[in-house]
Amino acid sequence: MKPSTSYEGTVLSVLSRMTRQSEGVRQDVLRQCLGLSSSYLVTDTTMNPAGGAASWMVGFNRLVDVMFALHGRGELELETVNAASKACSECWSVTGNWTGLEECRETIRGVAERLKRLLDENGRTYEGAAVYVP
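Quick note: to get the numbering used here, add 155 to the position in the sequence shown (first position is 1).
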């Protein structure tokens with residue numbers, strides 16, 4: 156039976172469609188996916204207790220993988236970095252308010268650590284511009 160909600164499935168579908176239909180990654184779409192992360196965290200873990208957390212973790216990490224690829228090509232936009240930072244903050248709040256999401260906190264912490272590696276040496280800016288900090 157197919158899960159009723161799957162962040163992993165949504166992210167993979169969006170990324171697949173995006174790469175087939177355009178010449179590159181549309182960061183506005185990437186930001187929309189990041190903006191949905193906290194909602195999917197709740198729905199994936201609620202609607203699919205057995206595998207929802209794993210699905211959410213894979214989807215969230217996949218988006219960050221794409222960000223690193225964009226960064227490596229010099230194409231990552233500040234707005235996308237800000238969206239990822241905000242997504243981490245929102246997801247952290249969700250895990251603090253819902254029981255049983257402790258394992259997801261480790262993923263959020265890991266994603267935040269990965270995102271810090273994108274920042275300038277001062278840890279507060281990306282390519283000289285201030286980054287969203289909750």
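Note that the Cβ used here is the ideal one computed from N, Cα and C, for glycine as well.
Count the other CB atoms within 10 Å of the CB of D220; is the residue buried (16 or more) or exposed (fewer)? D220 should be labelled exposed.
How would you write the range of the alpha helix (DSSP H) that Y162 sits in, first residue to last? For Y162, the uninterrupted alpha helix (DSSP H) segment begins and ends at 162 to 176.
With a threshold of 8 Å, are at least 3 pairs of Cβ atoms found where one atom belongs to the region 260 to 270 and the other to the region 199 to 206? For the pair of segments examined, the region 260 to 270 was found not to touch the region 199 to 206: the number of CB pairs separated by less than 8 Å stays below three.
Under 9 Å between the Cβ atoms of L189 and A242? A Cβ-Cβ contact shorter than 9 Å links L189 with A242.
Excluding five sequence neighbours on each side, which residues of the same chain lie with their C-beta closer than 8 Å to the C-beta of L233? Cβ neighbours of L233 beyond the five flanking positions: Y281, E282, A284, V286.
Grab me the residues of L273's own chain with a C-beta within less than 6 Å of its C-beta, minus the 5 sequence neighbours each way, in chain order. Excluding positions up to five away in sequence, the list reads H226.
Pull up the distance between the alpha-carbon of S312 and that of V249, whole angstroms please. Since the displayed the chain opens at 156 and closes at 289, residue 312 lies outside it and no answer follows.
6 Å Cβ shell around G214 - same chain, five flanking residues per side excluded: So the list reads Y162, E163, V166, once near-sequence residues are dropped.
Given a cut-off of 9 Å, decide if A239 and L191 are closer than it, judged by their beta-carbon atoms. No; because the gap between Cβ atoms is not below 9 Å, this pair is not in contact.
Y287 by DSSP, collapsed to three states: which one? It is coil, neither helix nor strand.
Check this for me: beta carbons of M222 and L185, under 9 Å apart or not? For the pair M222 and L185, the CB atoms are nearer than the 9 Å cut-off.
What residues are listed by DSSP as bridge partners for T280? T280 is bridged by DSSP to A285.
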